[in-house]
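What follows is one structure encoded as structure tokens, with my remarks underneath.
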Amino acid sequence: MTHPGPIVELSGVRLARGGRTVLDGIDLSVPRGQVVAVLGPSGSGKSTLLAALTGELEPAAGSVRLFGQPMPTRARELLELRKRIGVMLQGNGLLTDLTAAENVALPLRAHTRLPVELIERLVRLKLHAVGLRAAADAFPRELSGGMARRVALARALALDPPLMIYDEPLTGLDPIASGVVMELVRRLNDTLGLTSIVVTHHVHETLPVADHAIVIANGSIVFSGTPAELQATADPLVRQFLDGEPDGPIPFDAVARNAEAA
Ligand SMILES: Nc1ncnc2c1ncn2[C@@H]1O[C@H](COP(=O)(O)OP(=O)(O)OP(=O)(O)O)[C@@H](O)[C@H]1O
Ligand SMILES: [Mg+2]
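Take the sequence shown: its position 139, counted from the start at 1, is 139 in UniProt numbering, and no numbers get skipped.
Okay, structure coming up:
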């Protein structure tokens with residue numbers, strides 16, 4: 001099921017949580033093959049935006065289209081669509097009493113009827129893709145933070161989804177492990193022909209591998225352009241976020257949460 005248009009298309013989207021508007025007037029178009037960075041301070045609505053992409057949160061207004069199709073409303077179609085989206089959420093979400101290989105096998109066991117030997121082969125391929133074939137039998141507690149993150153990445157890739165969504169893939173990782181994970185995100189995107197959306201406040205680790213960046217703050221998209229355009233922007237709101245200044249157009253509340261999350 002291929003189509004020529006954008007993989008993700010949001011138009012005039014408003015998203016509310018608990019009766020309060022979090023984001024409004026969101027227009028976003030993500031062409032096939034791109035890695036898009038979604039940046040913004042803590043509490044600005046990045047995870048909320050992702051929830052709209054996975055169909056978990058229905059927009060209060062506007063339209064969300066994935067793979068050229070409107071977001072399905074029927075549970076069954078939504079389930080089918082979700083198999084085509086690889087999601088790596090904040091934290092690893094690895095099951096601690098399963099090995100790396102068993103964790104990667106979970107989506108294959110749940111969503112396919114493939115024979116055991118084939119699943120084992122696919123799992124080895126996915127672990128190889130993230131450079132961890134040797135760690136197949138290790139338990140998550142035996143892995144470094146960066147390795148565990150890569151296992152989570154392999155698991156998100158298990159069903160060969162054409163769209164990958166990452167929510168803060170770098171939280172808790174040192175700069176070197178962060179670089180490894182982001183390089184991997186880019187390489188997998190290109191070698192597997194994916195489209196990737198990476199939510200993060202790790203601007204400096206993420207921009208080098210992104211094709212496009214958006215910044216959300218104060219309830220809407222305040223910047224959309226290339227990483228180079230972002231670095232060069234003079235917009236005070238965006239600069240405050242990029243330069244990490246405590247005083248500026250982003251309210252103190254958002255900064256306080258940011259410090260909490262760091
Ligand atoms: N389930 C929920 N019910 C009510 N309000 C929510 C819910 N989830 C998020 N919010 C609110 O929506 C706003 C945006 O939250 P969101 O989690 O999308 O921010 P974020 O940009 O992902 O932040 P972070 O960088 O800390 O992950 C916040 O004000 C938050 O309190
Ligand atoms: Mg979040």
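Every residue, glycine too, gets a C-beta built ideally from N, C-alpha and C. Bear in mind that the values here come from a model prediction, so they are computed numbers and not experimental data.
Item: In chain order, what residues of the same chain have a beta carbon less than 7 Å from the beta carbon of Glu-168, not counting five sequence neighbours either side?; Value: Gln-90, Val-199 and Thr-200
Item: Is it buried or exposed for Ser-63, if we count other Cβ within 10 angstroms and need 16 for buried?; Value: exposed
Item: Counting by C-beta, which residues lie closer than 7 Å to a heavy atom of ligand 2, in chain order?; Value: Lys-46, Ser-47, Gln-90, Asp-167, Glu-168 and Val-199
Item: Take Val-22 and list the residues in its own chain whose beta-carbon comes closer than 8 Å to its own, dropping the five residues that flank it on each side.; Value: Leu-15, Ala-16, Gly-45, Thr-48 and Gly-219
Item: Hey, is Ile-216 close to ligand 1, as in C-beta under 8 Å from one of its heavy atoms?; Value: yes
Item: For Tyr-166, which residues of its own chain have a beta-carbon under 6 Å away from its beta-carbon, when the five flanking residues on both sides are left out?; Value: Met-88 and Val-198
Item: Please state the DSSP three-state secondary structure of Ala-256.; Value: Here Ala-256 scores only 46 on pLDDT, less than 50, and its place in the model should not be relied on; the value that follows carries that caveat. In the structure shown, Ala-256 sits in a helix (DSSP, three-state: H, G or I).
Item: Have a look at Ala-158 and Val-13 and give me their C-alpha separation to the nearest angstrom.; Value: 30 Å
Item: If I'm right that Ser-196 touches Val-35 with Cβ under 8 Å, what's the distance once you round it to whole angstroms?; Value: 5 Å
Item: In terms of residue numbering, what span does the beta strand (DSSP E) encompassing Leu-66 cover?; Value: 61-66
Item: Identify every run of the alpha helix (DSSP H) within the region 29-57, keeping only runs that are complete inside it and at least 4 residues long; order them along the chain.; Value: 46-53
Item: Give the range of the alpha helix (DSSP H) segment to which Gly-12 is assigned.; Value: Not the alpha helix (DSSP H): Gly-12 falls in the beta strand (DSSP E), residues 8-17.
Item: Where Ala-105 and Leu-192 are concerned, what is the direct C-alpha to C-alpha distance, given to the nearest angstrom?; Value: 19 Å
Item: Have a look at the DSSP bridge pairing and note the partners of Ile-119.; Value: According to DSSP, which records beta bridges pairwise, Ile-119 is partnered with nothing at all.
Item: According to DSSP, is Ser-178 part of a helix, a strand, or is it coil?; Value: helix
Item: Looking at the structure shown, is Val-151 part of a helix, part of a strand, or coil, going by DSSP?; Value: helix
Item: With DSSP collapsed to three states, give me the class of Leu-23.; Value: strand
Item: At which residues does the beta strand (DSSP E) containing Phe-241 begin and terminate?; Value: Phe-241 -> not in any beta strand (DSSP E); alpha helix (DSSP H) instead, spanning 236-243.
Item: Could you name the residues of the same chain whose beta carbon sits closer than 6 Å to that of Pro-175, not counting the 5 residues immediately before and after it, in chain order?; Value: none
Item: Identify whether Leu-143 lies in helix, strand or coil by the three-state DSSP scheme.; Value: coil
Item: Got a sec, what are the start and stop residues for the alpha helix (DSSP H) His-212 sits in?; Value: From DSSP, His-212 is part of no alpha helix (DSSP H) but of the beta strand (DSSP E) over 212-217.
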